[in-house]
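Student: In the numbering used here, each residue carries its 1-based index in the sequence shown increased by 41. The structure is given below, and queries will be raised subsequently.
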Amino acid sequence: MCGIIGYVGARPAEEILLAGLRKLEYRGYDSAGLSVLADGTIRAVRAVGNLDHLEAALAQEDALVPPATIGIAHTRWATHGAVSEQNAHPLCDAEGRIHVVVNGIVENYVGLRDRLTAAGATFSSQTDAEVIAQLIASEYDGDLAATVQHALGQLDGFFAFVAMALDEPDVLVGARRECPLVIGRGTDESFVASAVPAFLAHTRSTQLIENGEIVVLRAGEVEIRDANGAPVERELLEITWDADTAEKGGYETFMLKEIHDQADALAETINDRTVRRDGVDLAEECFDESLLEGIERVVFVACGTAYHAGLMGRYAIEEWAELPVEVDVASEYRYRNPLVGPRDLVVGISQSGETADTLGAMRVARERGARVVALTNVMGSQATRECDGVLYTRAGLEIGVAATKTFVAQLAVVYLLALRLAELRGTLSAERRAELVAALRRLPQNVEELLDGLDEQVDQISQWCWQANFFLYIGRHAGVPIALEGALKLKEISYISTDAYAAGEMKHGPIAMLDEHTPVVAVATTSPVLTKVVNNIQEVAARGAKVIAMTTAGDHTVDAHVKATVPVPASDPMLEPLLAVIPLQLLAYKIAMRRGLNPDQPRNLAKTVTVE
Ligand code: M6R
């Protein structure tokens with residue numbers, strides 16, 4: 042996830058672009074850069090680190106005279122290519138005539154780069170973004186809009202970009218496929234950016250760009266064209282949000298925004314690893330698949346929410362790849378005497394990549410000769426420096442302290458790992474793998490469908506249970522990690538006491554806690570043990586507890602025994618629990634809001650726990 046902005050008008054572009062980037066910095070801050078054009082010269086400045094570094098780099102170089110009034114800028118959340126100045130945007134062709142800023146992923150960039158290289162292009166970065174610049178440059182004939190349109194047809198993936206050409210000093214061209222891009226309409230000036238806050242200080246008048254469209258911007262003039270190049274009429278929208286709400290994409294909190302960002306997080310994490318119909322590819326510069334060869338066990342070490350992702354990994358890897366799996370909380374693992382060695386793959390899961398205990402557990406495993414992999418969301422984090430390979434989630438920056446979109450992205454990666462191991466070990470047929478790949482690729486759409494109307498549905502449930510002082514969460518099989526995660530979400534942002542159990546444990550103690558005041562949240566999606574979950578639901582209902590069940594759409598087995606159901610779209614039984622966690626995040630959120638609490642900043646918690 043990156044932030045991009047373009048400006049063309051009459052005022053000095055650099056200041057406007059920098060101020061815009063500040064508003065987009067939540068989208069990533071691995072590196073930043075800008076290119077501005079005046080008097081036949083492009084000034085391009087890039088720097089590793091946050092915007093302060095870019096400002097310092099700009100101060101060291103001579104500004105253009107007269108100042109440029111057109112330019113593009115970028116703040117990066119690295120996906121392809123290391124965090125380096127070379128890979129920072131804007132990227133350009135070898136002659137520096139076409140500059141681009143890109144958000145997203147071009148899935149077929151390797152093939153395009155090979156084709157362009159064969160035709161004589163030389164590349165200076167490892168990014169897919171440079172492929173866009175070089176592709177446009179290779180076809181450019183003086184009409185940037187037409188060239189971008191043609192290039193867009195050759196790109197697979199999901200992205201948004203803005204291009205600028207030295208030979209056309211009054212025009213910017215933006216293109217959008219899946220990733221966000223919006224237009225800002227000013228008087229005698231035009232803006233294009235990943236999000237409205239980037240230009241809200243200058244105009245509240247916006248236009249949306251739909252998938253497959255391009256936009257041609259000049260000072261005060263905007264033309265939107267469809268995939269065939271035909272002009273499109275698009276209404277103007279007046280933004281009424283205040284600046285604070287705008288930064289949250291119109292949502293009242295970052296947590297709510299991040300809950301709604303989950304389809305994107307999944308698409309970014311899954312899509313380019315599932316290009317093959319019947320398999321997963323995990324190889325990239327930071328991950329050599331030979332790490333997976335000949336392993337006899339997988340061990341997940343992690344804390345909090347990330348630990349729950351590890352638990353899901355156990356179900357998926359044992360079932361699909363038939364490989365033993367151990368999961369431990371990192372703070373315990375590091376002080377045990379873990380029997381681990383070269384045939385073990387130890388995966389440290391950490392959103393931040395900085396959690397002290399997870400790093401400690403990874404070190405212990407590495408010292409004992411295990412192959413250690415970091416599964417993290419943050420490029421360049423400590424975990425990525427203390428391992429043999431990195432598997433990234435691509436959820437973008439998460440600001441809310443309660444993990445939401447990074448959790449579903451972690452689940453996606455453990456599923457991908459399980460499927461890759463299954464293929465390497467020959468434990469699933471090509472047909473079954475193809476089914477699972479298709480189901481994984483459908484997840485972002487499943488999430489979109491689920492979120493449609495979910496807010497209201499969960500709000501109604503929260504209305505009758507928000508004052509309860511204890512909640513019990515239950516599930517079986519792949520529903521167990523989700524029950525644990527749902528309970529953690531509620532306790533961390535609502536300060537309500539919760540417990541979560543494998544439903545089969547009910548009669549061994551927890552059932553004693555139940556009475557007619559206790560809400561019981563059950564994960565009752567499709568599963569080989571659904572009938573057993575139904576039995577457990579009946580048992581708790583018989584004690585007067587009020588059951589809220591996460592079910593699979595179309596299945597009404599539990600309806601008669603529960604107070605409320607939240608159906609999630611049908612998928613594979615192993616994947617439906619990923620969908621079921623979303624209503625649970627939202628339930629925790631709604632209850633916190635009803636209690637007048639700020640879910641973005643729960644008491645006593647920090648986003649990153651760098652001490653043990
Ligand atoms: O950055 P990490 O994934 O290593 O963080 C681990 C936990 O601290 C984290 O998941 C914590 O439990 C979250 N606040 C849960 O929402």
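Idealized CB from N, CA, C, for every residue including glycine. Quick caveat, the model's predicted, so the values are computed rather than measured.
Taking contact to mean 3 or more Cβ pairs, one atom from each stretch, closer than 8 Å, check whether the segment 507–522 and the segment 553–564 are in contact.
Tutor: Counting Cβ pairs under 8 Å, three or more are found: they touch.
Student: So is Ala88 buried or exposed if we call it buried at 16+ other beta carbons inside 10 Å?
Tutor: Counting from one through the sequence shown, the residue named residue 88 turns up at place 47. Buried, because 16 or more other Cβ atoms sit within 10 Å of the Cβ of Ala88.
Student: On the premise that Gly145 lies in contact with Phe199, defined as a C-beta separation below 8 Å, what is that separation, rounded to the nearest angstrom?
Tutor: Your numbering for residue 199 matches position 158 in the sequence shown. Your numbering for residue 145 matches position 104 in the sequence shown. The pair is a contact, with the Cβ atoms about 5 Å apart (cut-off 8 Å).
Student: How would you call His518, buried or exposed, if buried means at least 16 neighbouring beta carbons within 10 angstroms?
Tutor: Here residue 518 corresponds to residue number 477 of the sequence shown, with the count starting at 1. Classification for His518: buried.
Student: On the three-state DSSP scale, how would you describe Met205?
Tutor: Here residue 205 is taken as the residue at index 164 of the sequence shown, counted from 1. Reduced to three states, the DSSP call for Met205 is strand.
Student: Measuring only the C-alpha atoms, how far is Asp229 from Gly47?
Tutor: Here residue 229 refers to the residue found at position 188 of the sequence shown. Here residue 47 refers to the residue found at position 6 of the sequence shown. So the two alpha carbons sit approximately 14 Å from each other.
Student: Can you tell me whether Val151 is buried or exposed, with buried defined as 16 or more other CB within 10 angstroms of its CB?
Tutor: Numbered from 1 along the sequence shown, position 110 holds the residue referred to as residue 151. Exposed, since its Cβ has fewer than 16 Cβ neighbours within 10 Å.
Student: Quick one: complete beta strand (DSSP E) runs, 3+ long, within the segment 124–151?
Tutor: Within the segment 124–151, the complete beta strand (DSSP E) runs of at least 3 residues are 139–147.
Student: With a threshold of 16 other CB atoms inside 10 Å of the CB of Arg426, please say whether the residue is buried or exposed.
Tutor: Translated into positions along the sequence shown, residue 426 becomes position 385. Under this definition Arg426 is an exposed residue.
Student: Locate the beta strand (DSSP E) running through Ser246, then write down its first and last residues.
Tutor: Residue 246 sits at position 205 when you count from the first residue of the sequence shown. Ser246 -> beta strand (DSSP E) spans Ser246 to Leu249.
Student: Name the residue from Ser231, Leu628 and Asp596 whose alpha carbon lies nearest to the alpha carbon of Glu617.
Tutor: Sequence index remark: in the sequence shown, residue 617 carries index 576 (1-based). Checked all of Ser231, Leu628 and Asp596; the closest Cα to Glu617 is Asp596.
Student: How should Gly382 be labelled, buried or exposed, when 16 other C-beta atoms within 10 angstroms of its C-beta is the threshold for buried?
Tutor: As a first step, residue 382 must be located in the sequence shown, where it is residue number 341. Exposed is the call here.
Student: Along the alpha helix (DSSP H) that carries Glu264, what are the first and last residues, could you check?
Tutor: Within the sequence shown, residue 264 is the residue found at index 223, counting from 1. Element bounds for Glu264: not the alpha helix (DSSP H) but the beta strand (DSSP E), Glu262 to Arg266.
Student: For my contact list, Thr417 and Val650 are in at a C-beta cut-off of 8 Å; report their separation, rounded to the angstrom.
Tutor: Position 376 of the sequence shown, counted from the first residue, corresponds to residue 417. Position 609 of the sequence shown, counted from the first residue, corresponds to residue 650. 14 Å between Cβ atoms; not a contact.
Student: Which residues mark the beginning and the end of the beta strand (DSSP E) in which Asp540 is found?
Tutor: Numbered from its first residue, the sequence shown carries residue 540 at position 499. Note, Asp540: beta strand (DSSP E), Ser538 to Ala543.
Student: Using only CA atoms, which one of Arg473, Val340, Phe202 and Glu326 lies nearest to Asp613?
Tutor: Here residue 613 refers to the residue found at position 572 when the sequence shown is read from its first residue. Considering only alpha carbons, the answer is Arg473.
Student: May I ask you to verify whether the segment 303–312 touches the segment 345–362, counting CB pairs closer than 8 Å and requiring at least 3?
Tutor: Because the criterion of three Cβ pairs below 8 Å is not met, the segment 303–312 and the segment 345–362 do not touch.
Student: Contact check, His121 vs Ser76 under 8 Å by CB: the rounded distance?
Tutor: Taking the sequence shown and counting its residues from 1, one reaches residue 121 at position 80. Taking the sequence shown and counting its residues from 1, one reaches residue 76 at position 35. Their Cβ separation, rounded to whole angstroms, is 20 Å, which puts His121 and Ser76 out of contact at 8 Å.
Student: Does DSSP put Val599 in a helix, a strand or coil?
Tutor: By one-based count along the sequence shown, residue 599 stands at place 558. Three-state DSSP puts Val599 in coil, outside helix and strand.
Student: With a CB to CB cut of under 7 Å and the five nearest residues on each side skipped, what residues in its chain are close to Ser535?
Tutor: As a first step, residue 535 must be located in the sequence shown, where it is residue number 494. For Ser535, where only same-chain residues beyond five positions count, the Cβ hits under 7 Å are Ala629, Ile632, Ala633, Arg636 and Leu638.
Student: Tell me the residue span of the alpha helix (DSSP H) that contains Ile280.
Tutor: Walking along the sequence shown from the start, residue 280 turns up at place 239. Ile280 -> no alpha helix (DSSP H), and no H or E assigned at all.
Student: What's the call for His243, buried or exposed, on a 16-neighbour Cβ count within 10 Å?
Tutor: For the purposes of this step, residue 243 is taken as residue 202 along the sequence shown, with counting starting at 1. Buried, by the Cβ-count rule.
Student: Under a Cβ-count criterion, where at least 16 other Cβ atoms within 10 Å of its own Cβ denotes burial, should Arg318 be classed as buried or exposed?
Tutor: In the sequence shown, the residue the question calls residue 318 occupies position 277. So Arg318 ends up on the exposed side.
Student: From the DSSP output, in three-state form, read off Val212 for me.
Tutor: For the purposes of this step, residue 212 is identified with residue 171 of the sequence shown, where counting begins at 1. The answer is coil: DSSP assigns Val212 none of H, G, I, E or B.
Student: Starting from Phe295, follow the alpha helix (DSSP H) in both directions and report where the run begins and ends.
Tutor: Along the sequence shown, one-based indexing puts residue 295 at 254. Where Phe295 is concerned, the enclosing alpha helix (DSSP H) stretches over Phe295 to His301.
Student: Which of the three DSSP states is assigned to His558 in this structure?
Tutor: Looking up residue 558 in the sequence shown gives position 517. Residue state, collapsed to three classes: coil.
Student: Who are His115's beta bridge partners in DSSP?
Tutor: Working through the sequence shown from its first residue, we reach residue 115 at position 74. In DSSP, His115 forms a bridge with Ile45 and Gly74.
Student: Report yes if the CB atom of Val49 is closer than 7 Å to the CB atom of Ala260, and no otherwise.
Tutor: Stepping through the sequence shown from its first residue, residue 49 is reached at position 8. Stepping through the sequence shown from its first residue, residue 260 is reached at position 219. In this structure, Ala260 lies closer than 7 Å to Val49 by Cβ.
Student: Nearer than 6 Å: is that true of the beta carbon of Thr346 relative to any heavy atom of the ligand M6R?
Tutor: Locating residue 346 in the sequence shown gives position 305, where the first residue counts as 1. Flag set: Cβ of Thr346 near the ligand M6R.
Student: I'd like to confirm something about Ser372: is its beta-carbon nearer than 6 Å to some heavy atom of the ligand M6R, or not?
Tutor: Reading the sequence shown from its first residue, position 331 is the one you call residue 372. The answer is no for Ser372.
Student: Answer yes or no: do Ile113 and Val142 have a C-beta to C-beta separation smaller than 7 Å?
Tutor: Your numbering for residue 113 matches position 72 in the sequence shown. Your numbering for residue 142 matches position 101 in the sequence shown. Contact: yes.
Student: As an exercise, report each continuous alpha helix (DSSP H) stretch of at least 4 residues that is fully enclosed by the segment 408–484, in chain order.
Tutor: Within the segment 408–484, the complete alpha helix (DSSP H) runs of at least 4 residues are 423–426 and 446–466.
Student: What separation, rounded to the nearest whole angstrom, lies between the Cα atoms of Glu371 and Gly401?
Tutor: Residue mapping note: residue 371 aligns to position 330 of the sequence shown, counting from 1. Residue mapping note: residue 401 aligns to position 360 of the sequence shown, counting from 1. Sequence inspection shows Ala at residue 371; the Glu mentioned does not correspond to that position. Distance between the alpha carbons of Ala371 and Gly401: 7 Å.
Student: Ends of the beta strand (DSSP E) at Met547?
Tutor: Along the sequence shown, one-based indexing puts residue 547 at 506. It is not in any beta strand (DSSP E) - Met547 carries neither H nor E in the DSSP assignment.
Student: So, does the segment 425–444 touch the segment 459–472, judging by three or more C-beta pairs under 8 Å?
Tutor: They do not touch, by the three-pair rule.
Student: Output needed for Val414: all residues of its chain with C-beta closer than 8 Å, excluding positions within five of it in sequence on either side, in chain order.
Tutor: Here the question's residue 414 lines up with position 373 in the sequence shown. Cβ neighbours of Val414 beyond the five flanking positions: Phe328, Leu332, Leu386, Val387, Val388, Gly389, Cys428, Asp429, Gly430, Val431 and Leu432.
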